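Chains as they are written, first to last, in our numbering: chain A, 1 to 278; chain B, 1001 to 1473. Beta carbons: idealized from backbone N, C-alpha and C, even for Gly. Quick caveat, the model's predicted, so the values are computed rather than measured.
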Amino acid sequence: MFEVLRNETLAPQVHRMVVRAPRVAKARRPGQFVIVRRDEEYERIPLTIADADAQAGTITLIIQAVGQGTKDIVATPAGGFLRDVAGPLGKATEIEKFGKVVCVGGGVGTAVLFPLAKALAEAGNDVVTLIGGRSASYVILRDELASFSREVLVTTEDGSLGVKGFVTAVLGEILADESRRPDAVYAVGPVPMMAAIAKQTRPYGVKTIVSLNPIMVDGTGMCGGCRVTVGGEIKFACVDGPEFDGHEVDFAELAERQNTYKEDYCRLDAQLDKEGRQ
Amino acid sequence: MSDKSLTAKERLAIERTHMPEQPAEKRARNFTEVNLGLAEAAAIEEARRCLLCKNRPCVQGCPVGVRIPEFLERIAAGDLRGAAEILRADNALPATTGRVCPQEKQCEAKCVRGLKGEPVAVGWLERFVADWAMEHLAPPSAPTTKTGFRVAIVGSGPGGLTAAGELARLGHDVTVFEALHAPGGVLRYGIPEFRLPKAIVDREVKNLQAMGVKIECNVIVGKTLTVAEILREFDACFIANGAGLPVFLHVPGENLKGVYSANEYLTRVNLMGAYKPQGRTPIARGAIAVVFGGGNTAMDAVRTAKRLGSTRAILAYRRGRDEMPARAEEIKHAEEEGIEFMFLLAPLEILGNDDGWVRAVRLQRMELGAPDASGRRRPVPIPGSEFELAADIIVVAVGTRANPLLTATCPDLKLNKWGNIEIDANGMTSIPGVFAGGDIVRGGATVILAMGDGKTAAASIDRYLRENKVARR
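Here it is as structure tokens:
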């Protein structure tokens, strides 16, 4: 059992939870994730470790409650317990000193981006962070990112904060301007956003790293459910990733695989709504 | 009471009993266990068939060396407690092996009665006694004298649990680290409920805990902890983390929706309970399921597909019926349940529909050529024999390889060219005090061979500790 020490709302349906998991906190490096199971009979949900405090034995998770599994997890109050927290899983981000780096986060992808951007800044990179959300209330971690980024640029679809539109428009301007063009781009967000960014950076030859979140079960390379095609080869996102060269990823296949259980989850949601959520 | 008075002639006159089963029609629609277990009278009668051979060939056929004639003799005498004590002393997971061992290739293959007629049903009797013991006997207790040595076990599958039981019995302080959220390894995620009920696995694990074995789940050695960190806290370590890396077919279309590795398919159903009405983990279902492979895992997957509602559940194997490595009883049960077998076929391509789901698989017919390294005749493609088979679900059960998660973080561990850990005659790896066994050493094998490794390693670890280490207290 893993105790929830804090649980706060960052944005609509987005929670920051601090969980006691000493072994994970000690071993964890940026870019890695845990698999969380709320209770018996619940699903195993992969979640990026946003931050960790090895001394205190705690990890921080930033969770967007989209499906039943994540809704159940964020419904656990401080003082409550998560049945299982396993990790840290996946490869840690290979932090290099590139020079200029643009870190792009879309929606809750910003939470995954946060530890990477922080580590890149700590390694001496000049980090510009570009984050987008549906509207102002969906833009998360802006102040936290500002503490180590040279600049934090914001886009919202409704224009309620920052530039109106998508992150890709702003990134396009940065790429087109030779003086601002980065040596590397890190992009984390919905699959269409990462696909679009990889397409944008390709003509400029800018190295582009994306962090993928395919469907997973065990997270240890045992099931292969999270397989993605990267450079024409099958890779398992849980052990070979979650970060890959965005120019090599087959995003169309990934998007298809992501919606394998769409109907099952809709049915489960409807069923639980009818029964009254626990 | 003893039953040694029975003459050989009288013993020979008794015919092999039959295992009561759920009717095939009914069980193909549920996940309840197929075999119902022997009644006591039938078990005693079956045990009386044993000729109590002096040279005990059956024991040599058993990878964990269960004293088979001795426990059969106790059953024949009606002394089930005595039988259980022998069984428990020799086998850490008897209710499991009684259900999943390929007895026809081991103890029963060596049974003298099999030379002319049918061997004694050792597996069914093992199951009978183990189940009786679970019902009637208190769990085994922890030994009163402790050695003060601490041993870590990586993986709570059959190999790890067996080693844990043996080491705990010898008075060592044993901690088992399990990567998943529940102990049992392949017994939990791989073997379906209808063949090995999870309540049985729970009971076996509880028995080990009663002996003092500690089990810590959610610890992925290689990630949460490294072997080096383990060696700072423990006096010895046994690695039995299995061969958890699925092999795919490497044909086009393999990443379409509806294509699973057997590991994923079975894990979703067995570990995650996707078959239960209240289960929250989804699994794709479809009218036609095609499973590739010919081993026990393929058999488990195809029978699972049938139970999940497929009207056609097809097992497609690239060799012939005689080359199938699956247990004889599983093949028989599968046939009774209406599983379709297609032999000498190899997949060329998986075809999808506009929504990205599987719709068919293109196959090629094969014929058997000259024997390969395994001694089995190698399948050779027949040119021009390609055809399409409609399919909604495809499960790939063509084997597993060594999962590099642990070994990648332990560079001192010597591996063979397939990534399996190399061990010496005592089961010790290239790192002193670190032993290994089961599928991470052998590649994909069986529950009982992993258990045999666990038992052997436990004896070696015990000797290693006594010879090389000073107890911490």
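For residue i versus residue j, is the C-beta spacing smaller than 8 angstroms?
i	j	result
T1007 (chain B)	E1046 (chain B)	no
L1363 (chain B)	L1345 (chain B)	yes
V18 (chain A)	G79 (chain A)	no
E1216 (chain B)	F1248 (chain B)	no
L1080 (chain B)	W1132 (chain B)	yes
V1395 (chain B)	V1291 (chain B)	yes
D250 (chain A)	T220 (chain A)	no
P1158 (chain B)	N1207 (chain B)	no
I35 (chain A)	L89 (chain A)	yes
G246 (chain A)	M194 (chain A)	yes
T58 (chain A)	R20 (chain A)	yes
R83 (chain A)	R28 (chain A)	no
T155 (chain A)	V167 (chain A)	yes
A1024 (chain B)	I1044 (chain B)	no
According to DSSP, is residue i helix, strand or coil?
i	result
I59 (chain A)	strand
D245 (chain A)	strand
P1432 (chain B)	coil
M1478 (chain B)	Any answer about residue 1478 (chain B) is impossible in this case: the structure gives chain B only from 1001 up to 1473.
V152 (chain A)	strand
M1342 (chain B)	strand
W964 (chain B)	Here chain B comprises residues numbered 1001 to 1473, so residue 964 (chain B) is not present and cannot be evaluated.
I140 (chain A)	coil
C1053 (chain B)	coil
L1413 (chain B)	coil
D53 (chain A)	strand
Q278 (chain A)	Below a pLDDT of 50, predicted positions are generally treated as unreliable, and Q278 (chain A), at 44, falls in that range; the measurement from the model is reported next regardless. Of the three classes helix, strand and coil, the one that applies to Q278 (chain A) here is coil, per DSSP.
L1087 (chain B)	helix
R1048 (chain B)	coil
Q1060 (chain B)	helix
E1010 (chain B)	helix
L1093 (chain B)	coil
D269 (chain A)	helix
V1269 (chain B)	helix
Just to confirm the assignment, what range does the beta strand (DSSP E) spanning residue i have?
i	result
H15 (chain A)	V14 to R20
G106 (chain A)	K100 to G106
K235 (chain A)	E233 to F236
K207 (chain A)	K207 to S211
T70 (chain A)	Where T70 (chain A) is concerned, there is no enclosing beta strand (DSSP E), although the alpha helix (DSSP H) it sits in stretches over Q68 to V74.
A1152 (chain B)	R1150 to V1154
Return the Cβ separation of residue i and residue j in integer angstroms, given the expectation that the two are a contact with Cβ distance under 8 angstroms.
i	j	result
T93 (chain A)	I140 (chain A)	With 8 angstroms as the limit, T93 (chain A) and I140 (chain A) do not qualify as a contact, their Cβ atoms being about 20 angstroms apart.
A1212 (chain B)	A1142 (chain B)	Residue 1212 (chain B) is actually Gly in this sequence, not Ala. Yes, G1212 (chain B) and A1142 (chain B) are in contact; Cβ-Cβ is about 4 angstroms, under 8 angstroms.
R1049 (chain B)	R1113 (chain B)	6 angstroms
Q1284 (chain B)	I1382 (chain B)	One detail in the question is off: residue 1284 (chain B) reads as Ala in this sequence, not Gln. Going by Cβ atoms, the distance from A1284 (chain B) to I1382 (chain B) rounds to 32 angstroms, so no, they are not a contact pair.
A1326 (chain B)	M1366 (chain B)	18 angstroms between Cβ atoms; not a contact.
G1160 (chain B)	F1238 (chain B)	7 angstroms
S211 (chain A)	V112 (chain A)	5 angstroms
R1319 (chain B)	L1368 (chain B)	7 angstroms
L1315 (chain B)	I1339 (chain B)	6 angstroms
What does a CB cutoff of less than 6 angstroms around residue i pick up in its chain, not counting 5 residues either side in sequence?
i	result
N1263 (chain B)	P1246
E151 (chain A)	V128
P1063 (chain B)	I1448, L1449 and G1452
Y1189 (chain B)	T1267, N1270 and L1271
L1167 (chain B)	V1151, V1174 and A1458
K207 (chain A)	A184
A237 (chain A)	L212, P214, C226 and V228
N1403 (chain B)	G1244 and L1245
How is the alpha helix (DSSP H) around residue i delimited, first residue to last?
i	result
T260 (chain A)	T260 (chain A) -> no alpha helix (DSSP H), and no H or E assigned at all.
Y42 (chain A)	Run containing Y42 (chain A): none; DSSP gives neither H nor E here.
F1031 (chain B)	Premise fails: F1031 (chain B) is in no alpha helix (DSSP H) and is neither H nor E.
N7 (chain A)	Here N7 (chain A) belongs to no alpha helix (DSSP H); instead the beta strand (DSSP E) covers F2 to A11.
C1476 (chain B)	One cannot answer for residue 1476 (chain B) here, as it falls past the ends of chain B, which runs 1001 to 1473.
L1315 (chain B)	From DSSP, L1315 (chain B) is part of no alpha helix (DSSP H) but of the beta strand (DSSP E) over R1312 to A1316.
R1466 (chain B)	V1447 to N1468
D1424 (chain B)	Per DSSP, D1424 (chain B) belongs to no alpha helix (DSSP H) and is neither H nor E.
R28 (chain A)	Premise fails: R28 (chain A) is in no alpha helix (DSSP H) and is neither H nor E.
Going by beta carbon distance, what residues of the same chain come within less than 7 angstroms of residue i, once the five residues before and after it are set aside?
i	result
Q1060 (chain B)	K1110
R1286 (chain B)	Reading the sequence as shown, one finds Gly at residue 1286 (chain B) and not Arg. So the qualifying residues of the chain are G1258, S1310, D1392 and I1393.
A146 (chain A)	V152
Who are the near neighbours of residue i in its chain, counting only those whose CB is closer than 8 angstroms to its CB and skipping five residues on each side?
i	result
N1353 (chain B)	R1359
P1057 (chain B)	K1110, C1111 and V1112
Y261 (chain A)	I215
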